[in-house]
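Heads up: the structure comes next, in structure tokens.
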Amino acid sequence: MNRTDLTRMTKVEVIIVGADAPTVLDLIRDAGDTGWTSVSGISGLGHHGHHQGRLLFNQQATLEMIITVVPDDKVDALLAGLRPLLAATSGVMFVSDTWVSRPTYFT
Amino acid sequence: MNRTDLTRMTKVEVIIVGADAPTVLDLIRDAGDTGWTSVSGISGLGHHGHHQGRLLFNQQATLEMIITVVPDDKVDALLAGLRPLLAATSGVMFVSDTWVSRPTYFT
Amino acid sequence: MNRTDLTRMTKVEVIIVGADAPTVLDLIRDAGDTGWTSVSGISGLGHHGHHQGRLLFNQQATLEMIITVVPDDKVDALLAGLRPLLAATSGVMFVSDTWVSRPTYFT
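Chains as they are written, first to last, in numbering that gives the first Met the number 0: chain L, 0 to 106; chain Z, 0 to 106; chain S, 0 to 106.
Take a look at the structure:
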């Protein structure tokens with residue numbers, strides 16, 4: 000895709016247990032990013048076993064997907080912060096290209 | 000990725016307050032697109048302040064993520080419709096490449 | 000995007016009625032993949048009519064989005080399994096590039 004009226008940015012999606020979500024949001028803020036979207040109602044299976052979303056009696060076991068979009072000059076700082084957190088937990092992150100219409104909104 | 004048995008299309012993800020979701024769906028329909036997926040249970044933080052999903056007493060403040068996949072010849076019409084809506088609201092959109100197995104399903 | 004410290008993989012997102020979700024998870028397992036993420040609270044409109052998420056009296060009509068990330072050598076097996084299921088149902092799949100920080104986690 001090569002759209003001249005859109006600006007390429009990097010989308011980072013983190014899937015993590017709900018208890019670690021505030022740490023992810025702190026890391027996003029520390030990296031100088033200003034916005035994020037969180038999706039609840041997530042369940043999943045990874046190498047560390049099954050995580051079921053929306054548990055009634057153990058909210059910490061629910062998963063969240065946190066999506067943020069950052070310009071290139073902020074990606075390294077964000078990933079550097081996320082790596083040790085993900086290595087220490089069962090979280091994963093997916094990094095991909097995305098294009099936005101209002102780049103200044105994300106800086 | 001270069002898969003000969005898949006067809007490249009453009010995925011448009013719009014994150015917007017729930018009250019504006021019907022307008023997004025109208026714009027998708029107006030652009031000649033036939034399908035969409037909506038994800039509820041969304042919260043987020045943007046330049047316009049915090050939006051918490053699943054509010055009990057003010058459904059209009061909940062966020063939705065609306066995903067649609069369109070062939071290239073329909074992208075411009077869709078984005079032209081979305082831009083003024085997003086500029087007037089706190090919504091954002093992410094545009095990216097995706098590949099599908101049944102392209103006629105999306106036209 | 001060309002990040003030397005990340006590994007490119009293929010992300011497959013399947014949107015399907017909840018009743019077919021276990022079959023999708025079986026296909027992911029059969030393809031040798033070990034992890035997935037499922038998003039509930041999904042509604043959508045496709046060629047086969049409207050699907051509303053979170054129905055109280057007919058759980059089978061709810062939609063789910065199942066996300067998995069696989070290395071290249073497992074993509075073909077996964078897609079081969081998914082194609083007949085999607086052709087027989089109202090499900091769709093989106094295939095895209097993504098980059099991960101811990102590739103061994105996904106193999």
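We put the CB at the ideal spot given by N, CA and C, even for glycine.
Item to check | Buried/exposed call for L/ALA20, threshold 16 Cβ in 10 Å | outcome: buried
Checklist entry - When Cβ atoms are compared, which residues of the stretch 69-100 of chain S fall closer than 8 Å to chain L? => result SER95, ASP96, THR97, TRP98, VAL99, SER100
Checklist entry - Which residues of chain L have a Cβ atom closer than 9 Å to the Cβ of S/THR61, listed in chain order? => result None at all; the shortest Cβ gap to chain L is about 11 Å.
Checklist entry - Going straight from the alpha carbon of S/ALA16 to that of Z/VAL13, what length do you get? => result Checking the sequence, you will find Val at residue 16 of chain S rather than Ala. Those two C-alpha atoms are separated by around 22 Å.
Item to check | Residues of its chain near S/PHE93, where Cβ-Cβ distance is below 7 Å and the 5 sequence neighbours each way are ignored | outcome: GLU12
Next on the checklist: Against chain Z, with Cβ distances strictly below 8 Å, would S/ILE15 count as a contact?
Outcome noted: no
Item to check | Residue range of the unbroken alpha helix (DSSP H) whose run includes Z/ASP96 | outcome: Looking at the DSSP string, Z/ASP96 is not in any alpha helix (DSSP H); the run it does join, the beta strand (DSSP E), is 91-99.
Next on the checklist: Check whether the stretch 24-37 of chain L and the stretch 64-71 of chain L touch, using three or more Cβ-Cβ pairs below 8 Å as the test.
Outcome noted: yes
Next on the checklist: Below 9 Å on C-beta distance, what does L/SER42 contact in chain Z?
Outcome noted: Near L/SER42 there are no residues of chain Z at all, since even the closest Cβ is about 12 Å away, more than 9 Å.
Checklist entry - Apart from the five residues on each side of it in sequence, which residues of its chain come closer than 7 Å, Cβ to Cβ, to Z/PRO83? => result none
Checklist entry - So what does DSSP say about S/LEU5, is it helix, strand or coil? => result coil
Next on the checklist: Just verifying my parser: in three-state terms, what is the DSSP assignment at L/THR22?
Outcome noted: helix
Item to check | Contact under 8 Å by Cβ, Z/SER42 with L/SER37 | outcome: yes
Next on the checklist: Could you tell me the alpha carbon to alpha carbon distance between S/ARG101 and L/LEU81, rounded to whole angstroms?
Outcome noted: 12 Å
Checklist entry - In chain order, what residues of the same chain lie with their CB nearer than 7 Å to the CB of Z/LEU77, ignoring the 5 residues before and after it? => result VAL11, LEU26, ILE27, ALA30, ASP32, VAL69
Checklist entry - What residues are listed by DSSP as bridge partners for L/VAL69? => result L/THR9
Next on the checklist: With a threshold of 8 Å between beta-carbons, can Z/THR36 be considered close to chain S, or not?
Outcome noted: yes
Checklist entry - Going straight from the alpha carbon of Z/TRP35 to that of Z/VAL23, what length do you get? => result 10 Å
Checklist entry - Within the 8 Å Cβ cut-off, does Z/LEU5 reach chain S? => result yes
Checklist entry - Identify the residues that DSSP records as bridge partners of L/THR36: which are they? => result L/ILE66, Z/GLY43
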